[in-house]
């Protein structure tokens with residue numbers, strides 16, 4: 224089997240062969256496994272929340288919620304969260 228054939232799907236009903244779908248699905252799976260960069264810890268994570276234009280991983284979200292305002296770590300969180308921008312809504 225050549226390299227081209229490995230990336231193709233043959234439909235049983237029509238007998239047609241399509242290669243685009245497999246490549247596209249492969250890209251989606253790769254993106255899903257890579258994740259997004261967290262605005263707080265700046266690491267690539269898979270699970271988290273989106274806040275306007277930023278991604279916050281579940282670890283940082285939990286840490287942020289449980290951190291007391293007097294803790295020096297809280298100031299770091301605020302500094303990192305200032306990177307989040309509020310997108311303008313155009314009408």
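Numbering (my numbering), first residue to last: 224 to 314.
Each residue gets a CB set at the ideal place from its N, CA and C atoms; glycine is no exception.
Between the CA atoms of residue j and residue i - distance to the nearest angstrom
i, j, result
"residue 268", "residue 281", "9 Å"
"residue 300", "residue 287", "7 Å"
"residue 295", "residue 283", "15 Å"
"residue 270", "residue 264", "13 Å"
"residue 272", "residue 292", "22 Å"
Close Cβ partners of residue i (< 7 Å) along its chain, the five nearest in sequence each way excluded
i, result
"residue 309", "275"
"residue 289", "none"
For residue i, three-class secondary structure by DSSP
i, result
"residue 263", "coil"
"residue 270", "coil"
"residue 288", "helix"
"residue 257", "helix"
Whole-Å CB distance - residue i paired with residue j, under 8 Å assumed
i, j, result
"residue 266", "residue 278", "Contact doesn't hold; Cβ gap of about 11 Å is too wide."
Neighbour-count burial assignment, residue i, 16 or more Cβ in a 10 Å radius
i, result
"residue 257", "exposed"
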